[in-house]
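Residue numbers (this note's numbering): 3 to 358.
#1: Spatial neighbours of residue 135 within its chain, please: C-beta separation below 6 Å, excluding the five flanking residues on both sides.
#2: What is the DSSP secondary structure of residue 76, counted as helix, strand or coil?
#3: Looking at the strands, I want to know which residues DSSP matches up with residue 46.
#4: Do the region 45-56 and the region 75-92 meet, that is, are 3 or more Cβ pairs less than 8 Å apart?
#5: Would you call the region 116-130 and the region 223-240 in contact, with 3 or more CB pairs under 8 Å?
#6: Less than 8 Å separating the beta-carbons of residue 345 and residue 258?
#7: Apart from the five residues just before and just after residue 18, which ones in its own chain have a Cβ nearer than 8 Å to its Cβ?
#8: For residue 252, which option in 183, 312, 204 and 167 has the closest C-alpha, if you only look at C-alpha atoms?
#9: Counting C-beta neighbours from all protein chains within 10 Å, is the total for residue 189 16 or more, i.e. buried, or is it exposed?
#10: Assuming residue 279 and residue 338 are in contact, meaning their beta carbons sit under 8 Å apart, how far apart are those beta carbons, in whole angstroms?
#11: Note down the Cα distance separating residue 127 from residue 200, rounded to an integer number of angstroms.
#12: Say whether the region 154-174 touches the region 60-67, bearing in mind that this needs 3 or more beta-carbon pairs closer than 8 Å, one atom from each stretch.
#13: Classify residue 218 as helix, strand or coil using the three-state DSSP reduction.
#14: Can you give the Cα-Cα distance for residue 352 and residue 323, rounded to whole angstroms?
#15: For my contact list, residue 139 and residue 46 are in at a C-beta cut-off of 8 Å; report their separation, rounded to the angstrom.
#16: Can you name, in chain order, every residue of its own chain whose Cβ lies under 6 Å from the Cβ of residue 236, other than the five neighbours on each side?
#17: Taking the alpha helix (DSSP H) that residue 305 falls in, what are its first and last residues?
#18: Measure the C-alpha to C-alpha separation of residue 15 and residue 96 and round it to an integer number of angstroms.
#19: Might you give, ordered along the chain, the residues of its own chain that have their beta carbon closer than 8 Å to the beta carbon of residue 299, omitting 5 neighbours on each side?
#20: In the DSSP assignment, the alpha helix (DSSP H) including residue 142 goes from what residue to what residue?
#21: Three-state secondary structure (DSSP) at residue 190?
#22: With burial defined as no fewer than 16 other Cβ atoms inside 10 Å of the residue's Cβ, what is the status of residue 115: buried or exposed?
#23: Skipping 5 residues on each side, what residues in its chain have a beta carbon closer than 6 Å to that of residue 100?
#24: For the alpha helix (DSSP H) that contains residue 101, what are its first and last residues?
#25: Expressed to the nearest angstrom, what Euclidean distance is found between the alpha-carbon atoms of residue 350 and residue 215?
#26: What would DSSP say about residue 321, mapped onto helix, strand or coil?
#27: Along the beta strand (DSSP E) that carries residue 128, what are the first and last residues, could you check?
#28: Excluding the 5 residues flanking residue 340 on each side, which residues of the same chain have their C-beta closer than 7 Å to its C-beta?
#29: Please go through the same chain and pick out, in chain order, the residues whose beta-carbon is closer than 6 Å to the beta-carbon of residue 183, but skip the five residues on each side of it.
#30: Measuring CA to CA, which of 58, 142 and 54 is closest to residue 39?
#31: To the nearest angstrom, how far is the alpha carbon of residue 198 from that of residue 79?
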């Protein structure tokens with residue numbers, strides 16, 4: 003038994019060492035690349051508190067206004083989201099706010115909204131973000147400038163005002179970047195992504211792919227299967243910020259939604275995720291068997307993980323204290339174990355006031 007526990011803990015440590023060794027700093031996008039007509043697609047539901055700041059960040063883009071079309075789909079909001087979006091975009095003649103009142107085929111929720119917005123889009127590329135996001139002025143130009151071939155480009159996002167949720171996002175996105183760098187792209191991120199119109203239409207759009215509560219991963223999977231290019235950016239020019247999830251149950255709901263998509267990843271990636279999931283239970287048991295050995299492995303792993311996260315943060319020009327990064331490990335223990343238990347419960351995923 004103890005050898006199994008040591009094996010799991012050692013494999014998890016090896017993963018962190020590999021992440022640090024394989025890390026490559028991002029190359030900046032070509033901001034002199036030919037400009038394209040872009041359509042920004044935003045699915046919004048009950049986002050009255052956030053929609054104004056989101057749209058203002060898009061209006062302030064360092065990109066010709068006549069080449070940017072902003073499309074907001076109001077998904078039956080129960081607050082003032084629709085009117086606030088209309089007011090904010092009233093002077094943008096090529097932008098629209100649409101009330102989404104029906105489903106397209108089998109799609110629901112965000113995927114249904116994006117499907118209908120894409121049908122209204124006039125751009126050569128579709129930039130997709132969420133209503134609780136704020137994007138830097140360089141976002142559109144940098145995303146477009148990184149495009150070498152038809153396909154998907156993914157930016158990077160951090161969480162405003164919650165240090166540990168933010169560190170968690172950056173750590174996860176750093177892992178995704180390393181996997182892409184070694185030729186194993188695993189997903190995109192639906193609050194900070196771009197897809198070319200050609201790639202979107204090649205898979206038939208959201209109307210033609212299966213419904214999923216991780217609609218971004220479902221689209222990514224079909225686009226990649228068609229052989230299109232995948233780009234993962236990791237620099238301040240495409241660094242968006244989102245709002246933290248409030249409440250522990252809501253955080254577990256978010257994790258459960260992500261895990262629904264994660265189980266569809268390639269078997270090798272799922273195996274690595276399984277090792278990470280088993281690490282914390284294995285570590286606790288190992289410490290109970292052999293305190294010195296368990297603590298030694300834990301400290302070494304925390305150090306390698308912390309140095310990897312520091313590399314990620316430095317690439318994004320974000321700063322957190324070394325102490326916060328150490329404490330993050332204990333936050334991660336609580337959230338990971340709770341998420342695993344919550345995932346196994348038969349409860350549906352609750353998202354934006356709906357259950358899936």
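Note that the Cβ used here is the ideal one computed from N, Cα and C, for glycine as well.
Let's see:
#1: Result list for residue 135: 56, 193, 242 and 244, in chain order.
#2: Strand, per DSSP.
#3: Residue 46 is bridged to 76.
#4: The region 75-92 and the region 45-56 touch, with three or more beta-carbon pairs separated by less than 8 Å.
#5: With a cut-off of 8 Å, the region 223-240 and the region 116-130 do not count as touching, because too few Cβ pairs lie within range.
#6: At a Cβ-Cβ threshold of 8 Å, residue 345 and residue 258 count as neighbours.
#7: In the same chain as residue 18, and ignoring 5 residues on each side of it, the C-beta atoms closer than 8 Å to its own belong to 303, 306, 307 and 310, in chain order.
#8: Looking at the Cα atoms, 167 is the closest of the given residues.
#9: Flag for residue 189 reads buried.
#10: 7 Å between Cβ atoms; contact.
#11: So the two alpha carbons sit approximately 8 Å from each other.
#12: Contact fails: fewer than three Cβ-Cβ distances are below 8 Å.
#13: Reduced to three states, the DSSP call for residue 218 is helix.
#14: Answer to the nearest angstrom: the Cα atoms are 34 Å apart.
#15: With a Cβ gap of about 21 Å, residue 139 and residue 46 do not count as contacting.
#16: The beta carbon of residue 236 lies closer than 6 Å to those of 28, 158, 179 and 317 in the same chain, with the five residues before and after it left out.
#17: 293-318 is the extent of the alpha helix (DSSP H) around residue 305.
#18: Distance between the alpha carbons of residue 15 and residue 96 is about 52 Å.
#19: So the qualifying residues of the chain are 8, 11, 12, 15, 285 and 288.
#20: Unbroken alpha helix (DSSP H) run through residue 142: 141-147.
#21: Three-state DSSP puts residue 190 in coil, outside helix and strand.
#22: Its Cβ being crowded by 16 or more others within 10 Å, residue 115 is buried.
#23: Cβ neighbours of residue 100 within its own chain (closer than 6 Å, five residues either side excluded): 75.
#24: If you look at residue 101, you'll find it isn't in any alpha helix (DSSP H); it sits in the beta strand (DSSP E) that goes 98-101.
#25: C-alpha separation (whole angstroms): 11 Å.
#26: Coil.
#27: Per DSSP, the continuous beta strand (DSSP E) segment holding residue 128 begins and ends at 127-132.
#28: Excluding its 5 nearest sequence neighbours in each direction, residue 340 has C-beta neighbours in its own chain below 7 Å: 254, listed in chain order.
#29: Cβ neighbours of residue 183 beyond the five flanking positions: 26.
#30: Nearest C-alpha to residue 39: 142.
#31: Taking the straight line joining both Cα atoms gives about 29 Å.
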